[in-house]
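The structure appears below as structure tokens.
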Amino acid sequence: MSRFRSIVRHPLWQNFFVALFYVVLAKWSLTFATVHASSTAIWPPTGFSIAMFLLLGSKVWPAVFVGAFLANLTTEGSAFTSLGIALGNTLEGLTAAFLVSRFAGGVNAFKLPSWVFRFAVFAGVVAPMVSATIGVTSLRLGGYLIHQDPFLVWLTWVFGNMSGALIVTPLILLWREDPSLTILVKRPLRIIIAMAMLCAASFLVFSNIFPYAYLTMPILLFISFSFTPRETISGILIVAIVATYATVNRSGPFWNATQNMDEALLVLQIFLGILSMTKLTVAASVAREREQESLVHKTDRWYKELIEKSSDAVCLIDADATILYASPSTKQVLGYTPKEFEGIPGLSLVHPEDLPRIVKVLTKVVATPNEPIRAEFRYKHKDGRWIWTETTGRNLLSDPMIHAIVVNYHDITEAKEFEQAKDDFIMIAAHQLRTPVSSIRWNAELLLRDKTKLATPVKGGIQAILDSTHTMVRLIDELLEMSKIITGKIAYKPELLDVAKSIKNEIRMVASIAKAHGVRITFTPPPALPRLRIDDIRFSRVIQNILTNAIKYGKYEGSVGISTEVTDGQLVITVSDDGAGISKEDQQRLFRKFFRTEHAQKLDPNGKGLGLYATKQYMDAFGGQISIISPRKDGAPGTDVELRFPPSLLTNTKQSKKEVNI
Amino acid sequence: MKKVLMIEDDQALQDVYKLALSDVVEYNGAKDGKEGLEKIRSIKPDLIILDIMLPGGMNGFDILEEIKKDPAVMSIPVLVLTNLDTEEKVAREIGAVEYLVKANTPIEKVVDKVSSLLKI
Chain C
1 MSRFRSIVRH PLWQNFFVAL FYVVLAKWSL TFATVHASST AIWPPTGFSI AMFLLLGSKV
61 WPAVFVGAFL ANLTTEGSAF TSLGIALGNT LEGLTAAFLV SRFAGGVNAF KLPSWVFRFA
121 VFAGVVAPMV SATIGVTSLR LGGYLIHQDP FLVWLTWVFG NMSGALIVTP LILLWREDPS
181 LTILVKRPLR IIIAMAMLCA ASFLVFSNIF PYAYLTMPIL LFISFSFTPR ETISGILIVA
241 IVATYATVNR SGPFWNATQN MDEALLVLQI FLGILSMTKL TVAASVARER EQESLVHKTD
301 RWYKELIEKS SDAVCLIDAD ATILYASPST KQVLGYTPKE FEGIPGLSLV HPEDLPRIVK
361 VLTKVVATPN EPIRAEFRYK HKDGRWIWTE TTGRNLLSDP MIHAIVVNYH DITEAKEFEQ
421 AKDDFIMIAA HQLRTPVSSI RWNAELLLRD KTKLATPVKG GIQAILDSTH TMVRLIDELL
481 EMSKIITGKI AYKPELLDVA KSIKNEIRMV ASIAKAHGVR ITFTPPPALP RLRIDDIRFS
541 RVIQNILTNA IKYGKYEGSV GISTEVTDGQ LVITVSDDGA GISKEDQQRL FRKFFRTEHA
601 QKLDPNGKGL GLYATKQYMD AFGGQISIIS PRKDGAPGTD VELRFPPSLL TNTKQSKKEV
661 NI
Chain P
1001 MKKVLMIEDD QALQDVYKLA LSDVVEYNGA KDGKEGLEKI RSIKPDLIIL DIMLPGGMNG
1061 FDILEEIKKD PAVMSIPVLV LTNLDTEEKV AREIGAVEYL VKANTPIEKV VDKVSSLLKI
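Just so you know, the sequences run in chain order C and P. Here the first sequence is numbered in the numbering used here, starting from 1 and rising by one per residue. Here the second sequence is numbered in the numbering used here, starting from 1001 and rising by one per residue.
What follows is the structure in structure tokens.
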């Protein structure tokens, strides 16, 4: 079998079969030749050659050429005219195949209505003109066509080839693409009835019982709508066969109207060409629509499955958080069925402690369309439990498809509880550690109280114990501090703060570190600075962290500058150092928990990488911003750390307000 | 000799304070709230050193509140010596006169505070 296939696929054999078939088709068609023996009104070989060129490529040109040559040579005319006609037929196929491949989807030409139309123009009009022109010219030059009107011959040639191209090419291409007969199994009744009706109608029309050709149209239209382009072209073939047979036998509307075989066949070809083009266009558009519909349907189902099977629940809410739609997973996460959940004011189920924060988050979501905003908060389960959720809201209110805020959330209670347990453990462990450490410390201190009684090595040993204890105390303090930062346990107490005074205070606090690094700190506050309504402890922690970093990781014996200004209603505090600066890569990671630059690790191996993380958390809590600018804004090497405090924190200041005089 | 009562569940810490204070005061110890309140009422100390995290269901704050409710002992000054570094405000509101965090305070400072509170 495979051997047979490989032989058939060999170009030589392909050419042989194409040529053979071409000759058979051509000889059969030429039996219809009336105007001139070489010019017939029915010419399926055109459609055959175009289909072969499209399917097998231009390499089959010798077959078409030889086939056309032999068919004509054995009919009438000289070798010269036969060569000319063969050349015309070959060029016709090549022209059509080239244009159709280039502009009309090639073998897929019958899948798009616009491609069908282009196919009709290229393969049905342009290509036949090539063939007819060359063919008629050759005949004329060969001394034939003396008594006939060459224009009529040319026209017959064009239309004969046109109907050939418009019926045979789609017939071959469409049946080759899908040769299955499953339609007979799937919808046997419908297809059989449709085809039977078409046969009956064709018979009625062309046997002169009801000689009106348009009777076939509604049935063909029905076939175009109900089935695929393949069934449509098959139906047209039925009409074409019946109509041709009848017309040749002097029957049917086309013969009746003209009473002249040439004209009757010509008009019939035009009729068949137009029939084919229009019905194929309809069939293509129906097929395409069906395909898209099934695609949309498939995608719809896919999304629906995705949403319904996901452990993430999705809901749509409006701007005041009323639930408009809830996905089935709501049941898994919160215990409510979507029906129960829809219509509920969403905020009514938020934990009272989280509510003010969530109202703020919602306001932000409403104010920033398209931006996904994340929040963690507790939501009441149907059974009364509080569920910790991680929730993302995205404002698609102005999206014409959605018109809502899309919220997805999932249960993180377990993770939260674990986190809580871990934080509690750290907190308690750190506190408990203080007792034994205190005991060691105080005992060592007591032992050292009366130094004179102790031998020097003993004294040294006790001092070492004491020093280690101090280190341990410091570590415990840091551990507690860290855990408080991470869990956000330090209560936020805003108070009115004199910024300049507070910064000066912080400079004093870091004076000893600055001295150790030989760093000079400069700060000249502008005469009028606003006051900040802010948590004192956090504000000083921010300033202290930034200052300490500038001193420790800036230039040894360098200088650190602090400047303050009010721009756009924001208070901007900039801390600048003249150190080595921070690479762009590191800048991105600076605010991550436990991140330390290589430079920082070298200078202080004991750091925890929490300072900037905590600073960022504090600035976020203030509603402010922190940014790292390196190299500095003024272009110098080193780093600017810019802290921006929002206008809402600035209170009525010593700064003179501009007054409008009316 | 003035009397000091230390309410502290950790024996090692009791021992070190017994050692540090015995020269100047009469040292008494209690291990939990119940024993503490009993001894406050029976011994009538001149100063109480009070831990906050205590076993037995009664913490330092509870004891402090009990002391402040009882006219017989309410005037005794209370020095809170604890591991917690966040409760100073609360402790002072209920009536502690001094608040020291254990690990961060040298023993000399504690002894000095005791001496100054007892005016010795």
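Virtual Cβ for every residue (Gly too), placed ideally from N, Cα, C.
Residue-chain proximity (residue i, chain C), Cβ-Cβ < 7 Å
| i | result |
| --- | --- |
| residue 1050 (chain P) | no |
| residue 1006 (chain P) | no |
| residue 1016 (chain P) | yes |
| residue 1028 (chain P) | no |
| residue 1107 (chain P) | yes |
| residue 1013 (chain P) | yes |
| residue 1059 (chain P) | no |
| residue 1010 (chain P) | yes |
| residue 1037 (chain P) | no |
Contact under 7 Å by Cβ, residue i with residue j
| i | j | result |
| --- | --- | --- |
| residue 1034 (chain P) | residue 1027 (chain P) | no |
| residue 553 (chain C) | residue 600 (chain C) | yes |
| residue 232 (chain C) | residue 226 (chain C) | no |
| residue 99 (chain C) | residue 130 (chain C) | no |
| residue 1070 (chain P) | residue 1007 (chain P) | no |
| residue 506 (chain C) | residue 543 (chain C) | yes |
| residue 353 (chain C) | residue 376 (chain C) | no |
| residue 1073 (chain P) | residue 1091 (chain P) | no |
| residue 410 (chain C) | residue 378 (chain C) | no |
Own chain residues within Cβ distance below 7 Å of residue i, not counting five before or after
| i | result |
| --- | --- |
| residue 184 (chain C) | 191 |
| residue 78 (chain C) | 142 |
| residue 381 (chain C) | 334, 335, 387 |
| residue 11 (chain C) | 59 |
Cβ neighbour criterion (16 or more within 10 Å) applied to residue i
| i | result |
| --- | --- |
| residue 1001 (chain P) | exposed |
| residue 290 (chain C) | exposed |
| residue 161 (chain C) | buried |
| residue 306 (chain C) | exposed |
| residue 245 (chain C) | exposed |
| residue 657 (chain C) | At residue 657 (chain C), the pLDDT of 40 sits below 50, so the modelled position is not reliable; the number obtained from the coordinates is stated separately. Exposed. |
| residue 660 (chain C) | Note on residue 660 (chain C): pLDDT 36, under 50, position unreliable in the model; the coordinate value appears next. So residue 660 (chain C) ends up on the exposed side. |
| residue 1044 (chain P) | exposed |
| residue 672 (chain C) | In the structure displayed, chain C extends from 1 to 662; residue 672 (chain C) sits before or after that span and is not available. |
| residue 356 (chain C) | exposed |
| residue 302 (chain C) | exposed |
| residue 214 (chain C) | exposed |
CB contact check: residue i to chain P, cutoff 7 Å
| i | result |
| --- | --- |
| residue 434 (chain C) | yes |
| residue 675 (chain C) | Residue numbering for chain C in the displayed model covers 1 to 662; residue 675 (chain C) lies beyond these limits and cannot be assessed. |
| residue 481 (chain C) | no |
| residue 443 (chain C) | yes |
| residue 559 (chain C) | no |
| residue 643 (chain C) | no |
| residue 438 (chain C) | yes |
| residue 447 (chain C) | no |
Host alpha helix (DSSP H) of residue i (start-end)
| i | result |
| --- | --- |
| residue 259 (chain C) | That residue, residue 259 (chain C), is in no alpha helix (DSSP H); it is neither H nor E in DSSP. |
| residue 378 (chain C) | Looking at the DSSP string, residue 378 (chain C) is not in any alpha helix (DSSP H); the run it does join, the beta strand (DSSP E), is 372–380. |
| residue 330 (chain C) | 330–334 |
| residue 241 (chain C) | 229–248 |
| residue 176 (chain C) | 150–177 |
Residue i, enclosing beta strand (DSSP E) - first and last residue
| i | result |
| --- | --- |
| residue 627 (chain C) | 625–629 |
| residue 560 (chain C) | 559–567 |
| residue 570 (chain C) | 570–577 |
| residue 395 (chain C) | 386–396 |
| residue 364 (chain C) | Counting along the chain, residue 364 (chain C) falls outside any beta strand (DSSP E), though it belongs to the alpha helix (DSSP H) covering 355–367. |
| residue 411 (chain C) | 404–411 |
| residue 535 (chain C) | 531–535 |
| residue 680 (chain C) | Only positions 1 to 662 of chain C appear in the structure, and residue 680 (chain C) is not among them; the question remains open. |
| residue 1082 (chain P) | 1078–1082 |
Cβ-based neighbour list, residue i, same chain, cut-off 6 Å, excluding 5 preceding and 5 following
| i | result |
| --- | --- |
| residue 550 (chain C) | 560, 575, 577 |
| residue 408 (chain C) | 312, 314, 392 |
| residue 71 (chain C) | 23, 26, 27 |
| residue 276 (chain C) | 166, 167, 236 |
| residue 107 (chain C) | 54, 173 |
Partners in chain A for residue i, counting only beta-carbon separations shorter than 7 Å
| i | result |
| --- | --- |
| residue 473 (chain C) | Here the protein chains are C and P, and chain A is not one of them. |
The ligand MN heavy atom lying under 6 Å from the CB of residue i
| i | result |
| --- | --- |
| residue 347 (chain C) | As for the ligand MN, it is missing from this structure, which has no ligand bound. |
Close beta carbons around residue i, own chain, < 8 Å, minus the five adjacent residues each side
| i | result |
| --- | --- |
| residue 655 (chain C) | Here residue 655 (chain C) scores only 42 on pLDDT, less than 50, and its place in the model is too uncertain to base an answer on. |
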